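Below is one structure; the comments refer to it alone.
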């Protein structure tokens, strides 16, 4: 039809006699025929189908652990063989149609494996592998060749992660342990009371010195407070050393436990650990009150009695009533407020004093009355049902830390009942523990810190904690340290500001490494010791060499600390100043930045980790001398390119070239007619 319309239009236009010749007349008629036919066809809305085919080569990523430990402890000929072998592997694979790319621990553009510099100050294998997975998501990632010594000292352990791609592991490093003495742990209370004794427990690990002795010193500055001669038994690799100190006058104190280096020791960089203790005046008076006798009360009392800094008072309605006017600094309220108003007099005294409170929810708790207390947590039960949960540390909670041993013990606790309810955190509230239901980790709170400003409060959503302490004591020779430490740290955090300082500045860690971002937190209070925010704080930081750095920041409601960035190793004194309510306030302290060459602290390679990673992905472990075999195995795996095809539909009228072609035809016709004398 379009062709007929075009032919009819051309015939009508050029059938009459014209002032030009017949051949030109036919040419002009043809142009008119083409233009009119094309316009009619375009008015029908035709579509243009385009098909694009793309072939993506299989990609092999060479993930190289370029940390310092690889170069430090791998024999030079072996490391050269490994890097040259990887370069040859890359060349062979490219010749067989593979795409080969190199990734390393350090960010930025990564050169080839034979040009890498092994300078990374720490090893995070999980970040290297997970970053590879994210970078190649949706692409034809055939396999990852991981060259490493298996020493991971940062980030999540890679052994349990699922990386979804084959891992061909190549092991380097030194599997012969070095002679070494090192302090692996230092446990102590962050707060001690003047005149009281407090323990400081160190764990000493040793390699190559079994059957001998080691000298462990407790220091305060240059002064040696106590020296212990410790036997290093044959058949063991760790011993514990305990010191008893008497807290001096109130103030911030820095102690150091140090192992005297011995001849032949590989490194002395891991022979010392600092301890920062804040000495305050007097014992903390703790009220432990329950709605009724309960095994949880005994567990709580036993946990608190492990710390000499607490003076404990027990109160149970009808059995051990609380005396009117009793004095206490913090209250643990077990199932209070209770149903039927039981223990209302105890709750009234706690509220009248305005002291911090630790609420423990149980079957007798009056949840409606609890919700009216404003603890930072709202509990709206869904009937009388309960969930059976175990505690799971919240990695984002920074007010106190859970070590790996505590997390491991938490995972072994028996499930306990918590209310099946809608749980809502209020402004400023934060969960220290989450609920784990079976093997499912949730972000439903289990232990919450919150409450109104100036009066910290905490809530534990179960009265089954006694089962945790009992099971831990059975499993660990009557040493339920994880449970006891959880309860003690909760009380210490609730009472952190009982000394009534209106400006409190403190480092977020006991010690920092030279690679760490040094951070200081600050809390400010008004005249009635209610927490206030957005206060301007001026900070002066002075190093041992008397170099002074000055900073200015505000403490926001989000609790974000002041980031000082990495600092050179040394001891720094800080002085924080602020004007609160028209009055000048200040707080002083010190922080320690240590040389912590993580890559030099562990010299023994861990090929077992690499073998486990490879096995989990269906592959095996190789050594540098076996890289030719690795190349053959990759080729035998027969990884294929991916061919993808994509079809697109477009309106033909949207093609610009058609417009310009028709315009050219119309213009040519018009120009010829004008030139030839047409009117």
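In the working numbering, the protein residues as written are 70 to 748. Heads up, the beta-carbon is just placed ideally off N, CA and C, and yes, glycines get one too. Small disclaimer: the values here were computed from a predicted structure and weren't measured.
Under DSSP, the beta strand (DSSP E) around residue i begins and ends at which residues?
i: residue 431; result: Neither: residue 431 is in no beta strand (DSSP E) and is coded neither H nor E.
i: residue 120; result: 116-125
i: residue 323; result: 320-328
i: residue 505; result: 499-506
i: residue 705; result: Taken as a continuous stretch (DSSP letters only), residue 705 belongs to no beta strand (DSSP E), being part of the alpha helix (DSSP H) at 696-705.
i: residue 344; result: 341-349
i: residue 200; result: Note, residue 200: premise wrong, no beta strand (DSSP E); alpha helix (DSSP H) at 194-204.
i: residue 592; result: 587-594
i: residue 526; result: 526-529
i: residue 170; result: 168-173
Within this structure, are the beta carbons of residue i and residue j separated by less than 8 Å?
i: residue 438; j: residue 406; result: yes
i: residue 201; j: residue 129; result: no
i: residue 250; j: residue 170; result: no
i: residue 297; j: residue 308; result: no
i: residue 562; j: residue 504; result: no
i: residue 520; j: residue 499; result: no
i: residue 338; j: residue 357; result: no
i: residue 266; j: residue 377; result: yes
i: residue 424; j: residue 399; result: yes
i: residue 140; j: residue 187; result: yes
i: residue 564; j: residue 353; result: yes
i: residue 699; j: residue 237; result: yes
State the Cα-Cα distance for the pair residue i and residue j, rounded to the nearest angstrom.
i: residue 728; j: residue 81; result: 24 Å
i: residue 387; j: residue 590; result: 45 Å
i: residue 278; j: residue 587; result: 35 Å
i: residue 256; j: residue 570; result: 26 Å
i: residue 336; j: residue 247; result: 9 Å
i: residue 112; j: residue 179; result: 56 Å
i: residue 151; j: residue 348; result: 55 Å
i: residue 568; j: residue 350; result: Because residue 568 carries a pLDDT of 49, less than 50, the predicted location of this residue cannot be relied on, and no value is offered for it.
i: residue 676; j: residue 497; result: 45 Å
i: residue 731; j: residue 712; result: 38 Å
i: residue 316; j: residue 264; result: 5 Å
i: residue 662; j: residue 581; result: 5 Å
i: residue 748; j: residue 108; result: No answer about residue 748 holds up, because its pLDDT of 47 lies below 50 and its placement is not dependable.
i: residue 697; j: residue 158; result: 8 Å
i: residue 272; j: residue 471; result: 17 Å
i: residue 531; j: residue 344; result: 33 Å
i: residue 430; j: residue 595; result: 32 Å
i: residue 218; j: residue 610; result: 39 Å
i: residue 631; j: residue 143; result: 40 Å
i: residue 690; j: residue 683; result: 6 Å
i: residue 340; j: residue 196; result: 29 Å
i: residue 391; j: residue 557; result: 22 Å
i: residue 127; j: residue 172; result: 16 Å
i: residue 674; j: residue 175; result: 20 Å
i: residue 420; j: residue 230; result: 48 Å
i: residue 295; j: residue 660; result: 23 Å
i: residue 494; j: residue 401; result: 20 Å
i: residue 686; j: residue 692; result: 18 Å
i: residue 444; j: residue 526; result: 6 Å
i: residue 209; j: residue 695; result: 26 Å
i: residue 798; j: residue 708; result: It is not possible to answer for residue 798, since the shown part of the chain is limited to 70 through 748.
Identify every residue that forms a DSSP beta bridge with residue i.
i: residue 363; result: Answer is none; residue 363 lacks a bridge partner.
i: residue 485; result: 458
i: residue 286; result: 296 and 327
i: residue 272; result: 254 and 309
i: residue 618; result: 610
i: residue 658; result: 643
By a C-beta neighbour count over all protein chains shown, 10 Å radius and 16 as the cutoff for buried, is residue i buried or exposed?
i: residue 166; result: exposed
i: residue 718; result: exposed
i: residue 329; result: exposed
i: residue 342; result: buried
i: residue 726; result: exposed
i: residue 480; result: exposed
i: residue 403; result: buried
i: residue 362; result: exposed
Can you tell me where the alpha helix (DSSP H) holding residue i begins and where it ends?
i: residue 556; result: 550-563
i: residue 537; result: 534-544
i: residue 106; result: 91-112
i: residue 161; result: 145-164
i: residue 736; result: 725-744
i: residue 80; result: 71-83
i: residue 142; result: 137-142
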